[in-house]
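Engineer: Provided herewith is a single structure, encoded as structure tokens, for subsequent inquiry.
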Amino acid sequence: MGKVSLITPVFNVSENLLDRCAKSVLGQYDVDWEWLLIDDGSESDCAEYLDALTKHDCRIRVFHQKNRGPAQARNQGLLHASGTYVVFLDSDDALTEGCLAQGIRVMETHPQVDIVIGQAQYLRDGVRRMSHSVCVLQEPLTLPESEKDGLLREMWIGCGLEKYPNVTGRLSAELWGKMYRRDKMQDVAFSRELYNGEDQIFLFDFLRYAREAVIVPEIWYLYTYRDDSVQHMVSAHRVEKYGAYLREIRRCCESMGNSHDASRLCDVKIATSVMDCLKPYMAEQNFFKACKQTYKVLRAPALREQCKQLCVFSGWSVKQMSKILICRYALTLMATAALYPKEKKRENGG
């Protein structure tokens, strides 16, 4: 049975979450694994906890580095990985029992399969709230190499595998909840330029080199939502960096060949990505403060550069904005004023 390299970037995570993550790894029995923990400049308590783990189990290794972000931390993990397979695990999340053994069985039964995709459960306050990524399958589904574009569309915009009626729900476009064949990663790395979205771009690039994929119905991953996590923190720095992510989306889509289809995919993906960037602002309880923050973000050059050609905002649903009661029409007017300030002035005779 092949060895699995688990790669986990760590930055100032609480001991409770780290302990739950560690227990989920140590509970993977009958599997040859190594756990590479990349301390990305954490404070002393967190770093000390990681060092203590190495004394508990010799299969755990810790690498300390100055804070360089999760992309660089994962690259460091890949550099030291020795397993046949790779699994990415965030430090505040957890694996379900037996998921590694199942992934290895699929990989070794089907040598042409380079990625196995499990399902994920969404957690908040330690409670399983809802399924984040679930396909209703009675048995594993094998996708041939010819279906890679469909798989990518399914992950990015939720449609692409319509010919498989048993596939319902949305496949996660994140790194986690999946097992990868490591020798297919030789020409793929996490971009140093991306502050966010680097995992989705990495997954896209990996799938371009991969052969077959298998989707399994079992839940492999327990994803924890934290308001203070890097993913959900928005700052002026992140917004400015977001333009690089949107440019990468365009590069990935254009590499798919069919220009018309790729252009449509690109437009939809950029639209949903801008929405994701604004989600933390939308959670603001004060209506006027939320409007002000959203308007400021939309005016950021990094977003205007990529989105000016798109009718992105008119498709937002009231449901997505329900927390701050911004209706679709009001948001569209606000977005139009932000993205087309000069045109708006001319219409008003200014």
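For the sequence shown, this note's numbering begins at 1 and goes up steadily by one. C-beta atoms are modelled at their ideal positions from N, C-alpha and C, and glycine is treated no differently. Small disclaimer: the values here were computed from a predicted structure and weren't measured.
If you run the structure through DSSP and keep just helix, strand and coil, what is Ala94?
Structural biologist: Taking the sequence shown and counting its residues from 1, one reaches residue 94 at position 94. The answer is strand: DSSP assigns Ala94 an E or B state.
Engineer: For Arg192 and Glu198, what's the separation of their Cα atoms in angstroms?
Structural biologist: Position 192 of the sequence shown, counted from the start, is the residue given in the question as residue 192. Position 198 of the sequence shown, counted from the start, is the residue given in the question as residue 198. Distance between the alpha carbons of Arg192 and Glu198 is about 8 Å.
Engineer: What is the DSSP secondary structure of Gly118, reduced to helix, strand or coil?
Structural biologist: Locating residue 118 in the sequence shown gives position 118, where the first residue counts as 1. Strand at Gly118.
Engineer: Could you tell me which residues DSSP pairs with Ile38 in its beta bridges?
Structural biologist: Along the sequence shown, read from residue 1 onward, the residue named residue 38 stands at position 38. Paired residues: Pro9, Phe63.
Engineer: If you check the beta carbons only, do Val214 and Ile115 fall under 9 Å apart?
Structural biologist: As a position in the sequence shown, residue 214 is number 214, starting the count at 1. As a position in the sequence shown, residue 115 is number 115, starting the count at 1. In contact: Val214 and Ile115 (Cβ atoms closer than 9 Å).
Engineer: With a threshold of 9 Å between beta-carbons, can Glu154 be considered close to chain B, or not?
Structural biologist: Although the question refers to chain B, the structure presented lacks it and comprises just one protein chain.
Engineer: Report yes if the CB atom of Ala71 is closer than 9 Å to the CB atom of Tyr223, and no otherwise.
Structural biologist: As a first step, residue 71 must be located in the sequence shown, where it is residue number 71. As a first step, residue 223 must be located in the sequence shown, where it is residue number 223. Not a contact, by the Cβ cut-off of 9 Å.
Engineer: Tell me the DSSP secondary structure of Glu174 in three-state form.
Structural biologist: The residue you call residue 174 lines up with position 174 of the sequence shown. Glu174 falls in the coil class under three-state DSSP.
Engineer: In this structure, does DSSP put Pro144 in helix, strand or coil?
Structural biologist: Residue mapping note: residue 144 aligns to position 144 of the sequence shown, counting from 1. DSSP places Pro144 in coil when its eight states are reduced to three.
Engineer: Going by DSSP, what residue range makes up the alpha helix (DSSP H) through Tyr209?
Structural biologist: To locate residue 209, count along the sequence shown from 1; it is residue 209. Per DSSP, Tyr209 belongs to the alpha helix (DSSP H) from 198–209.
Engineer: Determine the contact status of Phe204 and Ala189, defining contact as a CB-CB distance below 9 Å.
Structural biologist: To locate residue 204, count along the sequence shown from 1; it is residue 204. To locate residue 189, count along the sequence shown from 1; it is residue 189. No.
Engineer: Would you list the residues sitting across from Trp33 in a DSSP beta bridge?
Structural biologist: In the sequence shown, the residue the question calls residue 33 occupies position 33. Looking at the DSSP assignment, Trp33 forms a beta bridge with Val4.
Engineer: Inspect the CB distances between the segment 101–118 and the segment 176–184 and report whether three or more fall short of 8 Å.
Structural biologist: Judged by Cβ distances under 8 Å, the segment 101–118 makes contact with the segment 176–184, as three or more pairs qualify.
Engineer: Between the C-alpha atoms of Pro9 and Glu154, what's the straight-line distance to the nearest angstrom?
Structural biologist: For the purposes of this step, residue 9 is taken as the residue at position 9 of the sequence shown. For the purposes of this step, residue 154 is taken as the residue at position 154 of the sequence shown. Pro9 and Glu154: Cα-Cα distance of roughly 27 Å.
Engineer: Are at least three pairs of beta-carbons, each pair with one atom in the segment 26–34 and one in the segment 86–101, less than 8 Å apart?
Structural biologist: Touching, per the Cβ criterion.
Engineer: Given Ser42, which residues of its chain have a CB within under 7 Å of its CB, disregarding the five upstream and five downstream residues?
Structural biologist: In the sequence shown, counting from the first residue as 1, residue 42 sits at position 42. Val10, Phe11, Asn12, listed in sequence order.
Engineer: Hey, Ser82 and Leu37: beta-carbon distance below 9 Å or not?
Structural biologist: The residue you call residue 82 lines up with position 82 of the sequence shown. The residue you call residue 37 lines up with position 37 of the sequence shown. Their beta carbons are not under 9 Å apart, which means Ser82 does not touch Leu37 by this criterion.
Engineer: In whole angstroms, give me the CA-to-CA distance for Ala210 and Tyr221.
Structural biologist: Residue mapping note: residue 210 aligns to position 210 of the sequence shown, counting from 1. Residue mapping note: residue 221 aligns to position 221 of the sequence shown, counting from 1. So the two alpha carbons sit approximately 22 Å from each other.
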